[in-house]
């Protein structure tokens, strides 16, 4: 969805008044991070799986490292989405003619890269792989 939003920006490169490019950009770039934030919220709410993973019959060092890795990934993704949200507040508060909104580099770094990093973190450290009870509801350790 993020990629579609950036395609809308590309469509607007030659014609900044392109209605279809504008709609695609606004819809996708505002809506896509909502799903990432919802996933983070779901993961935070499902902390019971962390307790289940840690309360297994024999808690070894290996599962504890996995849990710490997932928690670190969660924190990293949360921080990147938070940075994006903080950036979007002054960007949108200034209106459509805002200088901040017209800075492409700021947008790419503080919006696009933050969302991409959050997605990358959870792709590499997928909670379903590192916390098996999240995927199946029972422990595999």
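Numbering (the numbering used here), first residue to last: -1 to 139. Cβ atoms here follow ideal geometry from the backbone N, Cα and C, with glycine treated the same way. Bear in mind that the values here come from a model prediction, so they are computed numbers and not experimental data.
Query	Result
Inter-stretch contact at 8 Å, needing at least 3 Cβ pairs: the region 85 to 92 / the region 101 to 113	yes
Other residues of its chain near residue 142: CB distance less than 7 Å, five sequence neighbours each side excluded	No answer is possible for residue 142: the residues shown for the chain start at -1 and end at 139.
N- and C-terminal bounds of the alpha helix (DSSP H) containing residue 124	Element bounds for residue 124: n/a, residue is neither H nor E.
Beta-carbon proximity list for residue 55, same chain, < 7 Å, skipping 5 on both sides	For residue 55, the predicted model reports a pLDDT of 44, less than 50, meaning its position is unreliable and no value from the coordinates is stated.
Check whether residue 117 and residue 8 have beta carbons under 8 Å apart	no
Selection from 119, 120, 114, 127 that minimises the alpha carbon distance to residue -1	114
Residue 26 classed as buried or exposed, judged by whether at least 16 other C-beta atoms fall within 10 angstroms	buried
Rounded C-alpha distance that separates residue 21 from residue 101	19 Å
Nearest-angstrom Cα separation, counted from residue 78 out to residue 123	15 Å
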